[in-house]
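Each residue of the sequence shown is one higher than the last, beginning at 7 in our numbering. Note that beta-carbon positions come from the ideal geometry of N, C-alpha and C, so glycine has one too. As the structure is a computational prediction, the values presented were derived from the model and not from experiment.
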Amino acid sequence: AATEVVKRVLRVVAQGAPQRTPVASSWRYGTGPRLRAAAPGDGHMADYPPLPMAPPQAVTRVPAAVRVEETREMRAREPVASAENVPAPIPAPTPQPVAIPAPPQPTVAADPVISKVLALVAEKTGYPEDMLDLDLDLEADLGIDTVKQAETFATIQEAFGILAQEGLSLRDYPTLQSVIDFVRSMRPELQVQGAVQDVSVASSAIPEPAPPPAPPRPAAEVDPVASQVLALVADKTGYPEDMLELDLDLEADLGIDTVKQAETFATIRATFDIPLQEGLNLRDYPTLQSVIDFVRSMRPDLQANGTAQVAGAASPAVPEPAPPPVQTAKGIDPVASQVLALVADKTGYPEDMLELDLDLEADLGIDTVKQAETFATIRATFDIPLQEGLNLRDYPTLQSVIDFVRSMRPDLQVQGTVQVAGEESAMVPAAALTPPALQPLGTLEATDQIPRRVPVPALRPTLELCKPTGVTLDAASRIVVMLDQGGVGKKLVERLQKAGVTVLALEPGIATAELETQLVAWLDAGPIQGVFWLPALDAEPPLEELSLDEWRELNRLRVKNLYTAMRTLYTSVAGSGRFLIAATRLGGLHGYGAEGAPAPLGGAVTGFTKAYRIEQTMREEGKGITVKAVDFEISRKTAELAGQLIAEALSDPGVVEVGHYDGQRYTVTLEEQPARDGNPGMELNRDTVFVVTGAAGGITSAIVTDLAVASQGTFYLLDLVAAPARNDEKVRLFRTDKEALKRLLIDEARARGVRPTPAAIDKQILGIERSEAALRAIESVEAAGGTAHYFSLDLRDGAAVTRVVEEIRSHHGKIDVLLHAGGLLIDKVLPDKEPHQFDLVFDVKTDGFFNLVKAAKGMPIGATVSFSSVAGRFGNNGQSDYSAANDLLCKISSSMRAWRPGTRGIAIDWTAWGQIGMASRGSVPQIMEALGIDMLPPEAGIPTIRRELTYGGTRGEIVVAGRLGAWMNESDPAGGLDVEKVNAQLGGRQNPLLMVGKVKAFRLYGGLEVETTLDPKVQPFLFDHAPDAGTPWLPGVMATEALAELATVAAPGYQVIAVENEQMLGALKFFRMEPRTLYLSATVKPGENGDLVAHAVLRSVTVPAREGLPTQVREHFIADVRLSPALAQAPAVKFTPPASSNLSIEAETIYHTFFHGPAYQVIERARVGDSECVALMASGLPANTAPASAASIMAPRLVELCFQSAALWTEKVKGVMGLPLGFKRVTAYRQPDAAGDRRLYCLCRTADNGATFDAQVVDESGQLYVELKGYVTVSRPA
């Protein structure tokens, strides 16, 4: 950071917002000191071999897309050098002693009080000291609330040795200057007297002398382009240059995905000083040869005649045997060599494997993002300008890339004839294979550092209040309807035909081949606008009663035919005005209700539908499409459902998952919930029996280790991988020397006469890696003291699975934990995803789980834990099969509440894992970062299964992820709500909802959002409620009113029954009597007995007083608002009004110490006893609001009467002022005007010496108006 000297004070130059977020304080008024003890770690796992970590590189990010082109932004970030300005090699200088710098001259110390106070406040707030002007208000400007002020003041007193001052009031010290003045007044001896301060200087370490570099190889010996490209690719991939044959495909053969291709291309361009080419497409350069040709085409001046030097090429530091350069009829090809070197660097494969005819993606494994990076590097290396309109698909092989370079750089010709042969090093045998040692990795505490989100149903606005989707259904529409067997489809067809729509109906049992043929024929007759897909509306037999063939047929009808249909209609049903509406019978709440999913096979349809939407919206031609999965309750109604399906097609563009339940519309949102739910968890011990599928996966193996250490139980490990041999030489090399393993596989391939492409070698290594993981799981279980049984089988083989389960049944008679982690990925968008690929991905996950559960019929299962994915929760591009399979597992887990109530069905939606697993490789981490999505740290992910099993009674679906980035983006800015219509309705109310200002949105993640601006000069409830003179506070009762009013807007037609579990987290203050805006939000969920529950939050947003300070967002009030179609009925109360003489404390006495103004002087007289306070409400109070006709839902001044009665008891009995902190429940049965001439009384009682209060407001006849339970106060600090 830069520093400056101001008034002889050395300080850091302001850099804007603080780099770290200030730590939120958990201290509250009245809380004494406490000591927090750190819990020790309790997780263990095997001592894994170090994971390969790529060196940090400048990454050029290119979004994954169908067409990947270079951009000018890539070029702008790349270093560019030319052949002319490359410095000659410089010999290493003779090492000289490094002198230790002399200490700087002493400086005059700054004011010790100011410096110390600023340092303490900077630490508390996170702002740099030079931003902390002394006249800034601690709360209004710096955002330090009274709690943090108390903490800061205590820290300052301790730092300066100032004793606690009786009667000290923080309100007397509102600014930093006043705090400093306080310190000076208490410590007058701390003055600035020019004292000097020594500055200690750390001694510098003397570096070791660097070895002199070897003399560079003459440029004439090799083709400078080919050599440099090969060197760059070898560095990127980790493979020797002699494997990088120029015809190898960058992605398919070399494993360089599109992100790394883009990086490599950028490096090559920088190396060869090639300008950025506008429109350059990495697909046009799929092979090393094509990259080399690109360099040659852009840099024709680079000849292999010893006269030109590649820009940016550094001379080698140490002499090493050079890989064989590419030999041509004329000699060594400089372009091919350089391109091969770059691709070798990108893929990690030696250049001699990179044959020029290999396809970059299919053979080398370089996906389109990495192709873009590689192409950028090659252009930079060969100094080729950016080519407008260049398409990577035109350069699919290494040869085509090399040809591109040659075309752009015709000066790079092959004129040399010298070839340097590479030497193959002999492989030295490594040490014998030894089992890994157990060591801690990951703790249960670490799991809590990652948000634990649970999918929950959330109310949606009525369709009448939503925006249109853009879909029209008229005589120009041609619509496909896949019928159901229950009659809904027939009613739907009738309604569509009445609207003039041409309906193309399909029978539900149609064969897949016939379906495709029919759709193609219909497309030949004209475009198809949309699809209604209804087979998942049909009832399903009990899961355990199905045969494997019946199970597969039901899935074919529901989701595999859907895949066929939408693959065929992919280009027609895409874009604005087009739609896919799929219907399910998951219960109306998508399986997230208390009863679970009654027809869980619909989950596959929902998962596919979500993925289809993402696929289409990620391509320009597909944006604007309406895609929904519409869920319904079990019902015989047909016409009503048909109408709702049409309505969903026409309105509400804000959601994909929507359900109709109990007369309302719902979607699925996410809610953070703790794993500890108050229910007993599972005890893991030696008797615990685990069944684990996918046991040879790296992540699964690590989780098995964690569970084995915790339980020492019995593990049945299932995987397709053959049972690993404990003395497998290749497994030993994988653990000890991966480069030696790679070379061994290359040599074996060559010995068989097979060309060893990097992709083929990588595939072999992946198989060895799975064998190693399987062996590691076995060894870890045994090392922990457990028992491991390994079975190699195909999970789709029902008979094989049954044999294993029967063995478990005979030996144990139970399964405690069934961990289903088996599965695979084939990422391709629908047009490229072949049917056998969809079937493979879908069947391994779903048939495998079905076979296990079916085989275990009648046997106790404590818990099933299915590995799902965020792809199942949100859908994902290229993963329609994976999304469908995962969402099906989630819905089966949900349905087990009904047909296996003794089994806890759990599904974990994992995000992509970091450092471990397939997603940690290639370009996935960079793509995730670009999308704002966090990778899951293994130390937090590995113990997650153990947490869910042991912390409580977890059932259902859990999302385990950090930031979810693009997956949480709203599809519509207002969440699908027509805000103008809603605000117009609110503005037309006779009794306005004063606390509901402007409705802004109804979001999928966040619910209804409202902004309300209040002026303390206008509102009596503000200017008569100022605990600090000149600074009104929003009364807690008006915050409660605001949350209640908000809930009625979110759920029209419902009445507020109670406000529950309200937390008052901090005062919302109106500084300087200026207006402030309340930011309100509410998410509404279904409750019991037809009720709704709105989780409502009131926040403030503080704009910084100075530029550079961050905007502060704070939560002030949080509560659950319970709503019902009918008003609550008040219970009867026996009450006899007390005589006035028994209420001896009069208003004048009360408000001599209470701060309230006329509108909030609600007590006329009162009586305080040992455990109660009785108060008579004042009559003739001024209006509470402006206008006075504003609506009142919670009778706020009656609730205020309860609050003040409790405060009066606290003052008289405890001697302190008790301010509101929260309550368990408050219900308003009647408004004050219902009393007429009858007087109102508050009966406030405490049964725990003031820890909590219960209160009632009744009239003279005993009619109940307000009931408050569990009210809690906090003593305000002096």
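Taking 6 Å as the limit between beta carbons, can you name the residues of its chain near residue i, skipping five residues before and five after?
i: Ile-898; result: Pro-606
i: Pro-58; result: Its pLDDT being 35, under 50, Pro-58 is placed unreliably in this model, and the value from its coordinates should be taken loosely. So no residue of the chain qualifies.
i: Phe-1027; result: Pro-1041, Met-1044, Asn-1190
i: Ala-829; result: What sits at residue 829 in the sequence shown is Gly, not Ala. Closer than 6 Å at Cβ, skipping near neighbours: Val-850, Lys-851.
i: Trp-916; result: Ser-875, Val-966
i: Asp-940; result: Gly-968, Arg-969
Using CA atoms only, rank isn't needed, just tell me which of the options is closest to residue i.
i: Tyr-569; options: Leu-549, Trp-539, Leu-656, Asp-555; result: Trp-539
i: Val-509; options: Val-486, Val-494, Gln-491; result: Val-486
i: Gln-1262; options: Gly-1242, Ala-1201, Thr-706, Tyr-1157; result: Ala-1201
i: Ala-1064; options: Gly-1221, Thr-453, Val-494, Ala-1234; result: Ala-1234
i: Ile-1285; options: Gly-493, Ala-452, Val-460, Val-231; result: Outside the modelled stretch of the chain, which goes from 7 to 1284, sits residue 1285, for which no answer is possible.
i: Glu-1154; options: Ala-1172, Val-1099, Lys-376, Lys-1006; result: Ala-1172
i: Arg-969; options: Gly-881, Ala-936, Glu-954; result: Ala-936
i: Tyr-1085; options: Thr-1108, Pro-604, Gln-921; result: Thr-1108
i: Glu-513; options: Leu-549, Arg-564, Leu-554, Gly-532; result: Arg-564
i: Gly-819; options: Ile-767, Thr-699, Asp-693, Thr-158; result: Asp-693
i: Ala-716; options: Leu-747, Pro-730, Gly-792; result: Gly-792
i: His-1101; options: Arg-682, Ala-1057, Lys-497; result: Ala-1057
i: Gly-492; options: Ile-298, Leu-647, Ala-1088, Cys-1179; result: Leu-647
i: Tyr-888; options: Arg-1245, Asp-290, Thr-1258, Gly-613; result: Gly-613
i: Leu-196; options: Phe-166, Asp-1254, Asp-351; result: Phe-166
Are the beta-carbon atoms belonging to residue i and residue j less than 9 Å from one another?
i: Val-695; j: Ile-814; result: yes
i: Asp-136; j: Ala-765; result: no
i: Ala-1073; j: Asp-178; result: no
i: Arg-619; j: Gly-881; result: yes
i: Leu-723; j: Val-710; result: yes
i: Thr-699; j: Leu-801; result: yes
i: Glu-788; j: Phe-740; result: no
Keeping to the same chain, check which residues put their C-beta closer than 8 Å to that of residue i; ignore five residues upstream and five downstream.
i: Asn-567; result: Met-488, Ile-516, Thr-518, Leu-521, Pro-541
i: Leu-473; result: First, the amino acid is wrong: residue 473 is Lys here, not Leu. Only Ser-657, Asp-658, Pro-659, Gly-660, Asp-978, Ala-980, Gly-982, Leu-983, Asp-984 meet the Cβ criterion.
i: Asp-141; result: Thr-181, Leu-182, Gln-183
i: Val-507; result: Leu-479, Asp-480, Ala-481, Ser-483, Arg-484, Ile-485
On the DSSP bridge list, what partners appear for residue i?
i: Arg-1231; result: Glu-1066, Lys-1275
i: Trp-557; result: DSSP output for Trp-557 lists no bridge partner at all.
i: Arg-671; result: His-666
i: Tyr-722; result: Val-697, His-795
i: Lys-638; result: Going by the sequence as given, residue 638 is Phe instead of Lys. In the DSSP output, where bridge partners are listed per residue, Phe-638 has His-666.
i: Tyr-957; result: DSSP, once it has assigned bridges, lists no residue as partnering Tyr-957.
i: Met-414; result: Looking at the DSSP assignment, Met-414 forms no beta bridge with any residue, so it has no partner.
Answer with buried or exposed for residue i, where buried requires no fewer than 16 other C-beta atoms within 10 angstroms of its C-beta.
i: Glu-429; result: Because Glu-429 carries a pLDDT of 29, less than 50, the predicted location of this residue cannot be relied on, and no value is offered for it.
i: Leu-1274; result: buried
i: Ala-794; result: buried
i: Val-1264; result: buried
i: Ile-857; result: A small fix is needed here, since residue 857 is Asn in this sequence, not Ile. Buried, by the Cβ-count rule.
i: Gly-1013; result: buried
i: Pro-287; result: Correcting the residue type first, residue 287 is Asn in the shown sequence and not Pro. Buried, since its Cβ has 16 or more Cβ neighbours within 10 Å.
i: Pro-461; result: buried
i: Thr-468; result: exposed
i: Lys-1075; result: buried
i: Glu-251; result: buried
i: Gly-395; result: exposed
So, at 7 Å on beta carbons, what are the nonlocal neighbours of residue i in its own chain, with the 5 sequence-adjacent residues on each side left out?
i: Asp-1021; result: Pro-1081
i: Lys-1140; result: Gly-1268
i: Gly-630; result: Gly-476, Gly-581, Ser-582
i: Phe-148; result: Here the sequence assigns Leu to residue 148, which means Phe is not the residue at that position. Here the set comprises Thr-131, Leu-142.
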